Structure formats: structure tokens, C-alpha cells
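Residue numbers (my numbering), protein chains in the order written: chain A, 118 to 345; chain B, 449 to 1007.
In this text, a Cβ means the ideal position worked out from N, Cα and C, and glycines have one as well.
Quick caveat: nothing in here was measured; it's all calculated off a predicted structure.
What follows is one structure encoded as C-alpha cells, with my remarks underneath.
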């Protein structure tokens, strides 16, 4: 519904990323380079995923939930995790504390995801005369995605970058990382298999992202105590 | 120097890519309407300089139903009125008192559509026919300064209309600030149709000339006008007026061509078949066609039978004449028809209407013949002469209002009467075109042509010279007649027509501006809260407070 609506949905989708960057100490330590590099890694990962999906996946006629196809998609989704691993460990960052590194990487990752997946539909659709709730829901989904990406980056940095972890927490860390990594498959199952409506799915995503963020924050601070 | 040249080239290519991207981005405008419907515009024409019909085509206004709150300003609103809720007095009041309105959209029941309606029966036929006739009469003779469109009801439009009625009932007519539905028809300004042509098609079937007979054989003419005129020119199929006449003419041509193909059964009369155009406009085409005749040919015409609406009668047909009934020729024709009618168990009546030469109005086609001193009569189911632009194929004149059996009986009547006159069987009870004979009237032929005609709108200004339908009529007549001629003329100057007869309507569901303002407020506060939350959790409350405190002034330091 005209440029005004487009502007509203755009700030809902991309505003939190900018706010996160400026509000937290990330802006003080000038970690923009890290975020940009993480965004480029996301782009590369997305291309690789596209090629794999095109090669291995069959297009089904009905929009139902096919377990075999979904399993394949989940496996390809782990390429995401590999990309994140690459961004966290292999890229040579300047000397930033681990605390800030994972935040910067997660932020860049989420921003690239939002831009690639949501900017085009927003530009094409939200500017028309027709009004739908879809774009506002998409913006909320982008917010949930931001939180999830940061939690995944946190758990990832715990797994790969921190050497001394309390033994008891390791399985929990891996379990949480697994859940967050398979979130896309879970949401697609909800949408196709259980046939939830879009608002319900977005609500579920927001809820789980907050829960996972809380858990990973607790885990991170728990792991931080021995070295502190 | 080389490097700067290279970099400038690179920059230029970059600019072209960026420009292309911008163009691509600006051009992507997908159809995102809640519903898209085919709509048909009210006719727009000038008669002797006076404007009639709907004078605009483009539409971009909010929609309202007939239950709008009284006293609301409707100058930027389109009223959607389905036919079953139509209140003619209300519409008449709006039009005659020239009240401001953004537009009118009439919804016709789907059964009347020749594309989707099929052959389903129309409920309450007579009532609908009367209502549509009245509406058409009102719209065609008024000058309406806003767009008027017709559309057929379907599920999408019904849901939209129900929604609009609900909104109106709550007292919230749609405007820019309260949301609702917007109707958009993006068409250009309607333009005049340049030099509209009317095409007359004539077929000639030669009679048997005996050796040594120097005189011209007498001719009998059978004429029907094939074009229509209605409130919505894209919907004017005129199945009864005059599709029935055309079908009857073609069938009679077919039967007589069978008879005339064998020299032993060829009659001593020539037969002239005429499919004329320009019927609604005082039979302008017929006049021009007759004027183009050779004087000898005109004098050789014994009589002419014009066919006008013979598709929906039960038991009575009328023969309309302009010469007094005492005239010998008229008596002969009428007696011939009555005798055959008696045998076929139907009635034929005679109606006499004098011609007024000073009055330009020509209500029947035979009047054009009579003005040139040719004996003629019109066979029709109508007992009264129609007014200007009435009975010329309007909104209700579709396939459902025509009866094939009526046309078949009419063809039998005319064919037998003609045959008795040609072969001199007056008074004898001989049936040439009996059922089950090789000369029987073919119902399948009649049905297939009637179906075709009921799907072809035929308003003359919108039929080009080489219109495929006109070519089809010519080809069909050429199959039956010895010689076919096509005559192109210009429609007489007092009529001017405008194009843009159909369009596509997009119905958008829009949200109000206040909604977006509220949304902006909510989002702004959400982002501010998020900012404060993050600052507090990562840097501490002091940082947040320090953001709002001014930095300590230099004076303190130096002091």
C-alpha cells in the first residue's frame, strides 16, 4: 500500500539490525568489517545450498509434507552450520574479544539473510495498492531470525572457539545448537505438515527464539565463569 | 592516463548496470488485486452534436454499495448495484438531477453472460426483461458525466460486495482515511471512432428465363438487418433483434438455392437476399443500399419482405405495411400469408402505419422501400413500432430469450408463401417444405447459426470493414446465392461513436492512512525500547543516562 507501508515494513525488517549494532558495544569496537565478512560468507553458503537443492531435490506436485524431501532439506541446511563455522574460525579477525566476535558474526549473518530473503518481496509487494498482513509478519519473522542467528553464533563459538568447557554442559550445548540449526525444517514442517497459518508460525518462531536466546545466554555465562 | 581511462570506462559500465537495475525495479508492478473482473462500458455517442451515454472511461475511486449512509459525499465513490437490488427511481433521480457521483457499476446475473452463462434458464424472465429494458432506456438517452460499467456477478465480486455492505452498515463509507475497497480501471480517454462503416451484403438468385423472353424477370426481395445497438455495445448480441431475422433469411436462402439449383424447379422470379447494416439508425444502410440500385432493378422488384424479430412469439405474427390495406398488392401478399398461416395453425395480422416523409424517424425497414415506391412489408412479432434505439438487441436479448421453434415456424410460413407466389400455387394445398422431405427446414442449421449470433456483439461502428463475422455472413450467402456483392458505406453524419467498450477492473483492498501512521508509531516505539534494552543489558544503565546528558563544558576544565 504505497511507499509509506513499504517504509514501515522495511524499518521493521531491517531496523533491529541497525539498532543492535549501535546499541551494543559492537559499534565502539568497530566490528563492522567482521559483520560484512560474515554477510559475504552467508552469500556464498546460500549459493552452495541453492546448487545442492537444485541437484538433489525433486519438485513435488502437492504442497504436502514429504518426510524424505524434508530430511534432505535438513541435511542441506547443515551447510549453513558449516558456513557459520567457517565464518567464526577461519576468517582472520582483528583482535576482538570472543564475546563480540560471535555477536558481530551473528548480526552479519542475520542481516544478509533478511536482505536476500525479504527485500525483494517487500519491494515488489508492499508498494502496491493491495494491503495484506504478510509483510508485517515477514518483518516479525526477520526479528526472530536475528535472535536465532545470534544464539546459533553464540553456541557455535562455544563449541569451536572455547577450549575449556565444563564437561556437564557440553551435551546441552550440542543439543541446543542442533535445535537452533534445524529451526528452518521445524517451521516448514509446521507450515506444511500441520498446516498452521502464517501468524501462528511467526508467533512460534518468536517464542522459540526468545527461549533459545535465554538458554544460550545462560550457557555462555556459565562457560565464562571458569575463565573469569 | 591509461589507468584513469580504464577506470572511467569501468565506471560507465557500472552506471549502465545501475541504471538498468533501477529501470527493472521501477517496472516490476505485479497484479496484486483482490479481484480482477471483465467489465463492459455504457455506450458513448453524440447525436446531432448532443452528447449521450457515459462520457468517461477511466476509474480510480473507492467503492460503496447502495446502503451508503444518507448524506454521504459520493462524488469520489463508485456505487456497486446488483440487478436484483436495483431501484430504478433512485438511479433515475441521480441521473436526471445530475447529482455528483464517482461512477456506477451494475452487476448482472451470471446466467445472462454469453461467455459463462451457458443455456441455463433465467429465473423470472419477464420481470428481468422489463427491468433491463427500463434501465437501458434510461441510460442510453441520458448524458452521464462519469463512468458507467456493467459486469457479471461471480463469487469474487459477491464476497467483495458483501464486505462493502458490512462496512457501509457500520456507517463507515470508504475514503482515504478509513480503508475499504478501491476500484481501478486504467484505460485511456475514449476516442471517437473515425468514419464508422456500414456493410450491406446482397445475394442474388437468378430465376429461369424462358428463351425469347426479352423482359426482365420480376424480383422478390427478402431483407434483414444484422447489426445491433444496446446499452453495453460489447454485450449487444441481439439474439431476437435481429439474430432471428438473419437466421431465417439464411435458411430461406438455403432452401431456395436447393430449389433453384435444378433448372426444372427454378422459378420465374429472381430472388434478392439483403443483409443490411445500420438498422438501429433509422435503417440508414437499407436506404443507401436501395439508392445504389439501378432504376430498372428497383422497378422489377415485385415486393420485399423485411424480417425483424421473429424469434420469441407464440401464435401470432404481424405484417406491417405502409401502403393502405386496400391496395391490391398488399391484399395479395396478406392473403398469401394468411392461407399458409391457417394451415400451419398460427395467426397473421395486418398493421398499417402511414409514413411521414418529414419525420426522419424510420421505425420499420419496409418504410425505406416504400419511400422509393417499392411495395414492401415487415414480418415481425412486435405489434407496435419500436422507438429509437429500442428493440435493437439490448442487455436482455440473449440466447435464453429466443425460441428455435418459433423461428422454424416463421421460416416455414415465409418459404411456403413465397413458393406459392413464385410457382403459382395460390389456393392449392401443396406443401413444398414439408417435414421429413429433402426440403425440410433444418433445425440444426438454425440452432448453430443462432448460437453463433448469440455470442457475437454486432454494433455497426465497432465492426470494421473486414470484420470476420461480416466475412462469414458473406461466405454463407455465397454458398446459397449465385452472386454476392458487398457494399461499404459510411454511417450518416449525425451519429458519432466513441471507443473503449470493455476493460478489466481491478478491485484492491486498501488500508487507511491512519493505520500506517499508527504502525509507524508502534514501530518507532518498539525500536526505541529495543535500543534502550540493549544498551542497558550490554553497557549498563549509566551509559543510557550518559547518552542524554550533555558532555561537561570546557569552562569547567580550564577553571
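Pull up the distance between the alpha-carbon of residue i and that of residue j, whole angstroms please.
i                      : j                      : result
residue 801 of chain B : residue 757 of chain B : 18 Å
residue 768 of chain B : residue 659 of chain B : 38 Å
residue 127 of chain A : residue 140 of chain A : 19 Å
residue 584 of chain B : residue 670 of chain B : 30 Å
residue 792 of chain B : residue 886 of chain B : 19 Å
residue 485 of chain B : residue 605 of chain B : 8 Å
residue 641 of chain B : residue 587 of chain B : 20 Å
residue 796 of chain B : residue 785 of chain B : 7 Å
residue 747 of chain B : residue 814 of chain B : 16 Å
residue 124 of chain A : residue 247 of chain A : 15 Å
residue 130 of chain A : residue 257 of chain A : 7 Å
residue 731 of chain B : residue 783 of chain B : 27 Å
residue 664 of chain B : residue 712 of chain B : 20 Å
residue 879 of chain B : residue 717 of chain B : 19 Å
residue 220 of chain A : residue 304 of chain A : 24 Å
residue 812 of chain B : residue 825 of chain B : 9 Å
residue 330 of chain A : residue 987 of chain B : 18 Å
residue 264 of chain A : residue 324 of chain A : 11 Å
residue 752 of chain B : residue 823 of chain B : 6 Å
residue 853 of chain B : residue 749 of chain B : 30 Å
residue 616 of chain B : residue 949 of chain B : 30 Å
residue 892 of chain B : residue 884 of chain B : 14 Å
residue 872 of chain B : residue 866 of chain B : 10 Å
residue 819 of chain B : residue 694 of chain B : 23 Å
residue 701 of chain B : residue 863 of chain B : 9 Å
residue 957 of chain B : residue 249 of chain A : 8 Å
residue 989 of chain B : residue 296 of chain A : 33 Å
If I'm right that residue i touches residue j with Cβ under 8 Å, what's the distance once you round it to whole angstroms?
i                      : j                      : result
residue 932 of chain B : residue 675 of chain B : Going by Cβ atoms, the distance from residue 932 of chain B to residue 675 of chain B rounds to 18 Å, so no, they are not a contact pair.
residue 200 of chain A : residue 158 of chain A : 6 Å
residue 511 of chain B : residue 526 of chain B : 5 Å
residue 205 of chain A : residue 278 of chain A : 6 Å
residue 926 of chain B : residue 861 of chain B : With a Cβ gap of about 26 Å, residue 926 of chain B and residue 861 of chain B do not count as contacting.
residue 298 of chain A : residue 222 of chain A : Not a contact, Cβ separation roughly 15 Å.
residue 831 of chain B : residue 766 of chain B : 5 Å
residue 589 of chain B : residue 677 of chain B : About 12 Å separates the two Cβ atoms, so there is no contact after all.
residue 307 of chain A : residue 318 of chain A : 5 Å
residue 236 of chain A : residue 138 of chain A : That pair is no contact at about 18 Å.
residue 230 of chain A : residue 266 of chain A : 7 Å
residue 559 of chain B : residue 902 of chain B : Contact doesn't hold; Cβ gap of about 13 Å is too wide.
Residue i bridges to which residues according to DSSP?
i                       : result
residue 554 of chain B  : B/529, B/598
residue 499 of chain B  : B/494
residue 640 of chain B  : B/946
residue 485 of chain B  : B/953
residue 797 of chain B  : B/766
residue 1009 of chain B : Given a span of 449 to 1007 for chain B in the structure shown, any question on residue 1009 of chain B remains unanswerable.
residue 630 of chain B  : B/510, B/956
residue 652 of chain B  : B/720, B/931
residue 754 of chain B  : B/671, B/826
residue 591 of chain B  : B/501
residue 878 of chain B  : DSSP, once it has assigned bridges, lists no residue as partnering residue 878 of chain B.
residue 676 of chain B  : B/907
residue 749 of chain B  : B/667
Measure from the C-beta of residue i to each C-beta in chain C and report whether the shortest distance is under 8 Å.
i                      : result
residue 137 of chain A : The structure shown contains no chain C; its protein chains are A and B.
Measuring alpha carbon to alpha carbon, tell me which residue in the options is nearest residue i.
i                       : options                    : result
residue 1010 of chain B : B/559, B/558, B/514        : The question about residue 1010 of chain B has no answer here: the residues shown for chain B are numbered 449 through 1007.
residue 973 of chain B  : A/136, A/121, A/123        : A/136
residue 557 of chain B  : B/916, B/600, B/957, B/956 : B/600
residue 725 of chain B  : B/829, B/934, B/579        : B/934
residue 881 of chain B  : B/706, B/509, B/540, B/685 : B/706
residue 646 of chain B  : B/930, B/923, B/914        : B/914
residue 491 of chain B  : B/548, B/828, B/682        : B/682
residue 697 of chain B  : B/543, B/928, B/959, B/963 : B/928
residue 315 of chain A  : A/252, A/220, A/168, A/188 : A/252
residue 156 of chain A  : A/190, A/203, A/171, A/187 : A/203
residue 821 of chain B  : B/700, B/770, B/981, B/720 : B/770
residue 734 of chain B  : B/868, B/668, B/581, B/939 : B/939
residue 654 of chain B  : B/644, B/609, B/714        : B/714
residue 562 of chain B  : B/833, B/996, B/900, B/679 : B/900
residue 631 of chain B  : B/550, B/849, B/700        : B/550
residue 187 of chain A  : A/310, A/328, A/340        : A/310
Which whole runs of the alpha helix (DSSP H) in the segment 772-816 of chain B are 4 residues long or more, in chain order? 776-791
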